[in-house]
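Right, one structure below, let's go through it.
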Amino acid sequence: MTITPLLPAPAIPTQSQSRTVRRVPLAAPRGIGELFDASRLWRGPETSIELTVVVPFYNPGTTLRRTVLRLVDCLRAEGVGFEVIAVSDGSTDGSEDTLAGIDPRVRVLTSPRNQGKGAALHLGFARARGSWVGFIDADGDIDPAHVVEYLRIARRGGHAGVYADKRHARSESAATAFRRLVSLVYSTLVTMLFLLAVRDTQTGCKIFRRDVLADLLPRLKERRFAFDLEFFVAARACGISDLVGAPVRLQARMSGSTVTTSTILRTVRDTFTIFGRLRLDRQYGPKAAAPSGLTRLGLMPVPSVPCGQPS
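Per my numbering, the sequence shown starts with residue 397, numbered consecutively.
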């Protein structure tokens, strides 16, 4: 298996071109539960949209456009009805403006401040209209072609979800030795604490059935990188086991990593917090009912705006 490079870096739009991107500002949620009360996930999917892909990002530079371009090209080639929701987690580098002109099915949501990957995913999922809902990281180390591969696997098997598993026998990685070590230590910790069947909770490419997300998201409280782990912990507590790991090709990152020493330590702390919720508070469990209020945050009346016109 060879590692497929992403598309060459496209030119950054000029100032006049960037003005075609209209941002949708979102109020900062007072809590994840309140955000989900405003979620569209509780409604049925739109028949024309099979797949929603959320792309959370924080100051990724031109890598964001490369990733979204490649993603859109792969989805077009598959012939699937799709939408892409790029969520700025308080980015300040103007990277969302580089998405101008890619495709009208690409929308941009902007959070007023940096809250973490998990919070950005919640914002994107709350606007999802597809029967399948997934996400991919924006930093360029995962080929977006995997999104299409995972959708095919999910369709064929009728699975609850498909996730990137870098420990799969057919996976390849160009990650640095340090990142591999951190990943190994963290996965060992997760195995010791939670005894999950999932071998890789953290690689940033996953697809889930819409109803699975609608059931699990109200239970999840993590706003940062431990969001992925908490999802799998809640899934097991609810008896959702049909989550399938698939091969992934991890490429060299094209933008600086948002994972720092402080991020790693915070993720470890959040991991123990999740363990406490599971074992002591027993916060994950029986199926949740749909929230009765859908407008507490006032999110739904704000229209999502296509990011420019097709090029």
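Every residue, glycine too, gets a C-beta built ideally from N, C-alpha and C.
Legend entry - Spatial neighbours of Asp624 in its chain, beta-carbon cut-off 7 angstroms, leaving aside the 5 residues before and after: In the sequence shown, the residue the question calls residue 624 occupies position 228. Contacts found: Thr597, Gln598.
Inset, instruction - Note down the Cα distance separating Asp561 from Gly554, rounded to an integer number of angstroms. - result: Taking the first residue of the sequence shown as position 1, residue 561 is located at position 165. Taking the first residue of the sequence shown as position 1, residue 554 is located at position 158. Cα-Cα distance, rounded: 19 angstroms.
Legend entry - For Arg605: DSSP bridge partner residues: Counting from one through the sequence shown, the residue named residue 605 turns up at place 209. Per DSSP, Trp528.
Legend entry - Through-space distance from Phe604 to Gly641, alpha-carbon basis: To locate residue 641, count along the sequence shown from 1; it is residue 245. To locate residue 604, count along the sequence shown from 1; it is residue 208. Gly641 and Phe604: Cα-Cα distance of roughly 12 angstroms.
Inset, instruction - Mind checking which residues open and close the alpha helix (DSSP H) that includes Thr459? - result: Sequence index remark: in the sequence shown, residue 459 carries index 63 (1-based). Residues 459-474.
Legend entry - For Ser484, the first and last residue of its enclosing beta strand (DSSP E): Here residue 484 is taken as the residue at index 88 of the sequence shown, counted from 1. 478-484 is the span of the beta strand (DSSP E), which, as asked, contains Ser484.
Legend entry - Own chain partners of Arg436 with C-beta closer than 8 angstroms, once the 5 adjacent residues on each side are dropped: Here residue 436 corresponds to residue number 40 of the sequence shown, with the count starting at 1. Contacts found: Ala522, Arg523, Ala524, Arg525, Met696.
Inset, instruction - Confirm, please, whether the CB-CB distance from Pro456 to Ala571 is below 8 angstroms. - result: Residue mapping note: residue 571 aligns to position 175 of the sequence shown, counting from 1. Residue mapping note: residue 456 aligns to position 60 of the sequence shown, counting from 1. Taking 8 angstroms as the Cβ cut-off, Ala571 and Pro456 do not qualify as a contacting pair.
Inset, instruction - Return yes when the Cβ of Thr663 is within less than 8 angstroms of the Cβ of Phe627, no when it is not. - result: The sequence position of residue 627 within the sequence shown is 231, counting from 1. The sequence position of residue 663 within the sequence shown is 267, counting from 1. Cβ distance not < 8 angstroms, so Phe627 and Thr663 don't count as in contact.
Inset, instruction - Please check if any C-beta of chain B sits within less than 8 angstroms of the C-beta of Leu585. - result: The structure shown contains no chain B; it holds only a single protein chain.
Legend entry - Candidates Ala630, Lys602, Glu618: closest to Leu612 by CA position: Counted from its first residue, the sequence shown places residue 612 at position 216. If we check each option's Cα against that of Leu612, Ala630 comes out closest.
Inset, instruction - Give every residue of the same chain whose Cβ lies closer than 8 angstroms to the Cβ of Arg678, excluding the five residues on either side of it in the sequence, and list them in chain order. - result: The residue you call residue 678 lines up with position 282 of the sequence shown. Taken in chain order, the list of residues that qualify is empty.
Inset, instruction - Determine the DSSP secondary structure at Ala622, reduced to helix, strand or coil. - result: Against the sequence shown, residue 622 aligns to sequence position 226. DSSP places Ala622 in coil when its eight states are reduced to three.
Legend entry - alpha helix (DSSP H) segment containing Ala550, residue limits: If you number the sequence shown from 1, residue 550 lands on position 154. Start and end: 541-553.
Inset, instruction - Report whether the distance from the Cβ of Leu613 to the nearest heavy atom of the ligand NAD is below 7 angstroms. - result: Ligands are entirely absent from the displayed structure, and the ligand NAD is therefore not among its contents.
Legend entry - According to DSSP, residues forming a beta bridge with Leu580: Start at 1 with the first residue of the sequence shown, and residue 580 comes out as number 184. None, per the DSSP bridge assignment.
Legend entry - Whole-angstrom distance between Leu495 and Val372, CA atom to CA atom: Any property of residue 372 remains undetermined from this structure, which presents the chain solely from 397 to 707.
Inset, instruction - Would you grab the beta carbon distance between Phe531 and Val450 for me? Rounded to a whole angstrom, and I think it's under 8 angstroms. - result: In the sequence shown, counting from the first residue as 1, residue 531 sits at position 135. In the sequence shown, counting from the first residue as 1, residue 450 sits at position 54. Contact holds; Cβ gap of about 4 angstroms.
Inset, instruction - State buried or exposed for Arg461, treating a residue as buried only when at least 16 other CB atoms are found within 10 Å of its CB. - result: The residue you call residue 461 lines up with position 65 of the sequence shown. Arg461 should be labelled buried.
Inset, instruction - Please say whether Ser487 and Phe453 have beta carbons closer to each other than 8 angstroms? - result: Stepping through the sequence shown from its first residue, residue 453 is reached at position 57. Stepping through the sequence shown from its first residue, residue 487 is reached at position 91. Yes.
Legend entry - Counted within 10 angstroms of its Cβ, other Cβ atoms place Ser484 as buried (16 or more) or exposed: The residue labelled residue 484 in the question sits at position 88 within the sequence shown. So Ser484 counts as buried.
Inset, instruction - Would you kindly work out how many angstroms separate the C-alpha atoms of Arg645 and His564, rounded to a whole number? - result: Mapped onto the sequence shown, residue 645 falls at position 249. Mapped onto the sequence shown, residue 564 falls at position 168. Rounded to the nearest angstrom, the two C-alpha atoms are 10 angstroms apart.
Inset, instruction - For my contact list, Glu492 and Val480 are in at a C-beta cut-off of 8 angstroms; report their separation, rounded to the angstrom. - result: Working through the sequence shown from its first residue, we reach residue 492 at position 96. Working through the sequence shown from its first residue, we reach residue 480 at position 84. With a Cβ gap of about 12 angstroms, Glu492 and Val480 do not count as contacting.
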